[in-house]
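Line order of the protein sequences matches chains A and B.
So for the first sequence, full-length UniProt numbering puts the first residue at 1; every next one is plus one.
So for the second sequence, full-length UniProt numbering puts the first residue at 1; every next one is plus one.
Below is one structure, written out as structure tokens, with a few remarks after it.
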Amino acid sequence: MKAKTADKIATVVIVTFALLIVAVLAGLLGYILFRGVSHISWDFLTSVPQKIRAGGGIGPQLFNSLFLLVLTLIITVPLGLGAGIYMAEYARPGRITDFIRLIVEVLSSFPSIVVGLFGLLLIVNIFGLGFSLVSGALALTVFNLPLMVRITEQAFRSVPTQQKEAGFALGLSKWKIVTTVLFPVALPAIITGTILSAGRVFGEAAALMFTAGMSSPRLDFTNWNPLSSNSPLNPFRPAETLAVHIWKINSEGLAPDATQIAAGASAVLVIMVLLFNLAARFFGRFIYRKLTASRRMN
Amino acid sequence: MVQKTKVLSGKNSKSRLEKHHIEDLIGRSYMSFCVLLLIVAIVSMVYFVMSKGLSTFAVNKVSVSEFLFGTTWSPEGDNPSYGAFPFIAGSFVTTLLAALIASPLSICAALFMTEIVPGWGKKLLQPVIELLSGIPSVVYGFVGLSVIVPFLRNVFPGQGIGVAAGALVLSVMILPTITSVAADALSALPNNLKESSYALGATRWQTIARVVLPTTMPAIMTGVVLGMARAFGEALAVQMVIGNAPFIPKSLFESASTLTSVITLSMGNTTMGSPQNNALWSMALVLMLMTFLFVFVVRLLEKRRAIR
């Protein structure tokens with residue numbers, strides 16, 4: 001009897017705590033969206049922020065975030081794929097492989113602010129790239145690369161070995177097997193992982209404060225020449241991202257409607273992350289169906 | 001005719017072989033380049049943070065013990081002192097508190113997903129965990145600032161900003177890390193262990209408490225350590241709610257600072273190479289060494305799991 005009461009109490013406690021977490025998420029999302037969505041308008045999304053007056057928007061910041069994300073993915077995806085495939089298919093178990101695995105683990109658990117400081121010292125100052133989108137993208141590369149490596153490695157490892165063996169039986173070289181047999185099967189998982197990691201990069205701020213900078217020049221959205229200084233496409237201009245902007249207005253915002261702007265910007269950020277999540281699921285399934293004969297991902 | 005085809009195909013297969021070899025070589029060298037880049041990244045990172053962080057002690061002649069255990073931080077005073085102990089203490093206190101709050105919740109969530117209602121429990125909690133881990137840290141900071149801080153200010157003495165607010169924000173942030181690792185560990189547990197416990201007549205709670213949790217403890221601890229690593233390195237969310245006073249807090253509701261919050265706030269206002277700037281780099285060095293320590297502990301725990 002006593003054991004049964006203990007069992008009942010424990011079950012109730014566990015279920016309560018689990019539901020509490022669901023409630024926390026629901027509360028969080030509800031609060032952010034409820035506070036923020038009413039402030040989101042086309043004008044808010046496209047106009048320039050105001051320093052002291054009310055009514056500023058987040059246009060340049062939003063654009064910077066997206067552009068920086070694209071730049072980062074252009075750098076990290078090929079590199080991450082290469083290193084990940086190496087770890088999954090070529091690396092022989094031994095000391096060197098262990099060492100590389102340790103590096104990936106350490107790199108991915110480095111605090112983002114340390115990565116930011118490293119970027120400030122090496123990329124911004126020593127390489128002389130200044131506070132710029134390129135510096136930010138390189139810092140995010142340090143931050144994102146281990147993630148990509150891990151995603152790729154797991155995706156390749158989860159491909160059934162029979163498929164690889166079939167390739168060998170046909171007399172294909174290892175590289176051919178990797179590119180034509182394993183890669184298409186692994187691709188949906190890689191794409192899902194990449195989009196999820198993109199969501200994380202999108203919300204990253206600490207590593208960007210000291211690399212991409214905390215200001216945005218006046219952008220002329222009609223000027224698409226990547227080399228001129230006020231062009232939005234110029235990768236060597238400083239760029240404050242949305243996440244950095246939220247931090248800045250929360251800690252030193254002077255505008256009278258700073259809290260509303262922070263709420264609106266937070267809502268935009270969260271909605272973007274939710275979209276990334278949905279897109280990851282959707283694209284993964286879609287591409288899996290395109291590339292393979294089976295209809296469902298396991 | 002027959003001979004001719006044979007010769008041709010022989011030639012073809014030879015050239016095909018060569019093409020494959022070249023492709024293989026290019027692929028291999030590209031991949032080695034990628035891996036090399038990872039190694040270069042970490043080596044240069046360790047080198048630069050070390051060289052900058054150690055110059056506080058080598059160039060500015062601040063003693064290590066003064067930096068680690070000195071309690072006064074006044075780099076701009078007439079008699080500057082660089083005691084970082086308040087920040088180190090702040091980092092440790094908030095991290096430990098966050099782990100204390102988040103661990104029981106996460107373990108319960110993981111048990112809920114794997115033991116209580118494996119079907120819809122997992123369907124319910126999995127997306128919740130993914131979404132929680134996807135929410136950016138500045139958003140957590142913003143919510144902390146506009147919900148947790150006013151709440152604490154109304155209920156408890158003090159301004160609301162402080163250690164408690166920081167720990168609460170961090171605990172929500174590390175929930176997903178601990179939960180997903182714990183859930184993986186629990187679902188990897190062989191079924192026959194549980195079944196034999198049930199066969200002996202044990203209730204579900206007895207099975208969980210005496211069989212499931214003890215056998216998966218090292219793996220769950222891995223999750224807790226990973227969560228603590230995340231909490232220790234988190235910068236902006238904590239900085240927004242902790243108050244950033246350079247003192248050792250006497251109560252949970254007093255404002256304090258962490259290593260990350262001091263770096264965030266002061267790095268932009270100091271010139272490269274000044275003693276204060278170097279002291280900030282030393283704090284970054286402490287953060288880096290702590291990361292190494294966390295990774296080391298995780299590895300130890302994984303080894304223990306492997307032996308079992």
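From the three backbone atoms N, C-alpha and C, an ideal C-beta is built for every residue, glycine too.
Being a predicted model, the structure only gives us computed values, none of them experimental.
- Within the segment 182-206 of chain B, contact with chain A at the beta-carbon level (separation under 7 Å) is assigned to T203, R204, W205 and Q206.
- With a minimum length of 4 residues, the unbroken runs of alpha helix (DSSP H) contained wholly in the segment 27-106 of chain B fall at 64-69.
- By the Cβ rule, the segment 236-255 of chain B counts as touching the segment 123-141 of chain B, because three or more pairs are nearer than 8 Å.
- By a beta-carbon distance limit of 8 Å, G203(A) contacts P136(B). Their separation comes to about 2 Å.
- Among the residues facing chain B, Y86(A) is included, as its CB has a counterpart in that chain under 9 Å away.
- Listed in chain order, the beta strand (DSSP E) elements of length 3 or more contained wholly in the segment 74-139 of chain A amount to none.
- Against M267(B), the close residues of chain A are L117, L120 and F210, in the order they occur along the chain (beta-carbon pairs closer than 8 Å).
- A235(B) has no beta-bridge partner at all, per DSSP.
- Residues of chain A with a Cβ closer than 8 Å to the Cβ of T291(B) are, in chain order, V106, S109, F110, P111 and V114.
- Distances from the alpha-carbon of E240(A) to those of F210(A), N223(A) and A267(A) put F210(A) closest.
- What Y30(B) touches in chain A, judged by beta-carbon distance under 8 Å, is G82, going in chain order.
- Within chain B, no residue has its beta carbon less than 9 Å from that of A137(A); the closest one is some 14 Å off.
- According to DSSP, G243(B) shares a beta bridge with A256(B).
- Below the 8 Å Cβ cutoff, chain B contributes L105 as neighbours of L20(A), in chain order.
- Not a single CB atom of chain A sits nearer than 9 Å to the CB of F253(B).
- In terms of Cβ geometry, N244(B) and S251(B) do not form a close pair [threshold 9 Å].
- In this structure, DSSP gives D220(A) a state outside helix and strand, which the three-state scheme calls coil.
- Closest by C-alpha distance to L285(B), out of K52(B), V35(B) and I39(B), is K52(B).
- Ranked by Cα distance from F253(B), the options T207(B), M217(B) and Q159(B) are led by Q159(B).
- Taking a Cβ-Cβ cut-off of 8 Å, the neighbours of I100(A) in chain B comprise V35, L38 and I39, given in sequence order.
- When secondary structure is reduced to three states using DSSP, E130(B) falls in the helix class.
- Counting only Cβ-Cβ distances below 7 Å, L132(B) has contacts in chain A at L25, in chain order.
- G233(B) places its beta carbon less than 9 Å from that of L287(B).
- By the C-beta density criterion, I9(A) is exposed, having fewer than 16 other C-beta atoms within 10 angstroms.
- For E18(B) and K174(A), the gap between their C-alpha atoms comes out near 13 Å.
- Around the Cβ of K61(B), a 10 Å sphere holds fewer than 16 other Cβ atoms; the residue is exposed.
- Residue T192(A) holds the alpha-carbon nearest to the alpha-carbon of R150(A) among K248(A), T192(A) and L45(A).
- Shown here, A239(A) sits in coil according to DSSP, grouped into three states, outside any helix or strand.
- If you draw a straight line from the Cα of K123(B) to the Cα of N230(A), it comes to about 48 Å.
- Proximity of chain B to I32(A) at the Cβ level (cut-off 7 Å) is accounted for by V139 and V143, in chain order.
- In terms of beta-carbon proximity, L129(A) stays away from the interface with chain B, with every pair separated by 9 Å or more.
- Chain-order list of chain A residues neighbouring T264(B): I113, A206 and M209, by C-beta distance under 8 Å.
- In the structure shown, A199(B) adopts helical secondary structure according to DSSP, grouped into three states.
- Under the Cβ criterion of 9 Å, D257(A) is not counted among the residues facing chain B.
- By the C-beta density criterion, L269(A) is buried, having at least 16 other C-beta atoms within 10 angstroms.
- Taking 9 Å as the threshold, the shortest C-beta distance from L219(A) to chain B does not fall below it.
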